[in-house]
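For the sequence shown, our numbering begins at 80 and goes up steadily by one.
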Amino acid sequence: MEPLAAEVWVFDKDLARVVLVKHRWRGWVPPGGKVEAGETPCEGATRELFEETGVRAKLLPEPAAVAVRSYHPDWPVTLGLSYAAVVDAAASFVPEAGQPVAWKRLDEGWESYFPDDLSRIRQHAAWLADRSGRH
């Protein structure tokens with residue numbers, strides 16, 4: 080079986096910013112990683128979020144997006160599920176060594192190995208805003 084990955088798009092309550100982790104060569108990416116044996120994708124995403132940022136958050140129940148992509152040019156493709164969460168902007172971070180964590184504004188770009196992430200994350204933030212009546 081090919082690997083399964085999960086990540087979390089953590090938004091502030093205004094849906095204007097997202098939490099990203101600075102990976103050593105992928106650039107700014109959402110916190111996430113491999114789903115371990117015995118975990119559901121949602122459990123894996125929750126675990127990875129805490130390991131990489133120190134943030135504990137209740138994820139929204141349905142996945143925000145699905146992607147099939149390679150996380151490295153020499154690796155096979157991976158099925159990745161993206162989940163979303165909304166937290167207070169005052170949340171404090173406890174990053175993994177060598178992987179800074181920061182809020183990034185959705186109306187600005189960021190350097191990433193996955194340039195399409197910005198538009199995917201923006202679209203989901205807009206969908207959440209419409210759903211909650213915040214447009």
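Here a beta-carbon is modelled for each residue, glycine too, at the ideal position from N, C-alpha and C.
Cutoff 6 Å; reference Asp91; Cβ partners in own chain excluding five residues on either side: In the sequence shown, the residue the question calls residue 91 occupies position 12. Ala168.
Using CA coordinates, which residue listed in Pro152, Asp209, Ala205 and Trp104 is at the minimum distance from Arg96? Taking the first residue of the sequence shown as position 1, residue 96 is located at position 17. Among Pro152, Asp209, Ala205 and Trp104, the Cα nearest to that of Arg96 is on Ala205.
Straight-line gap, Gly106 to Lys137 (C-alpha atoms, nearest Å): In the sequence shown, the residue the question calls residue 106 occupies position 27. In the sequence shown, the residue the question calls residue 137 occupies position 58. In a straight line, the C-alpha of Gly106 is about 26 Å away from that of Lys137.
At the level of alpha carbons, what is the spacing between Leu99 and Ala146? Against the sequence shown, residue 99 aligns to sequence position 20. Against the sequence shown, residue 146 aligns to sequence position 67. Distance between the alpha carbons of Leu99 and Ala146 is about 18 Å.
Which residue comes first and which comes last in the beta strand (DSSP E) that contains Gly159? In the sequence shown, counting from the first residue as 1, residue 159 sits at position 80. Where Gly159 is concerned, the enclosing beta strand (DSSP E) stretches over Thr157 to Val166.
Among Glu127, Glu131, Leu83 and Asp196, which one has its Cα closest to the Cα of Val180? Position 101 of the sequence shown holds residue 180. The shortest Cα separation from Val180 among Glu127, Glu131, Leu83 and Asp196 belongs to Glu131.
Using 10 angstroms around the beta-carbon of Pro155, count the other beta-carbons present and answer buried if the total reaches 16, otherwise exposed. For the purposes of this step, residue 155 is taken as residue 76 along the sequence shown, with counting starting at 1. It is exposed - the Cβ of Pro155 has fewer than 16 other Cβ atoms within 10 Å.
What separation, rounded to the nearest whole angstrom, lies between the Cα atoms of Thr119 and Phe129? Here residue 119 is taken as the residue at index 40 of the sequence shown, counted from 1. Here residue 129 is taken as the residue at index 50 of the sequence shown, counted from 1. Looking at the two C-alpha atoms, the distance is approximately 16 Å.
In chain order, what residues of the same chain have a beta carbon less than 6 Å from the beta carbon of Gly192, not counting five sequence neighbours either side? Counted from its first residue, the sequence shown places residue 192 at position 113. The question names Gly, yet the displayed sequence has Tyr at residue 192. The answer, listed in chain order, is Arg105 and Gly106.
Starting from Leu207, trace the alpha helix (DSSP H) in both directions and tell me its first and last residue. The residue you call residue 207 lines up with position 128 of the sequence shown. Element bounds for Leu207: Asp196 to Ser211.
Report the start-end ranges of each beta strand (DSSP E) in the stretch 85–168 that is 3 residues or longer and not cut off at the edges. 96–102, 106–108, 111–113, 144–148 and 157–166
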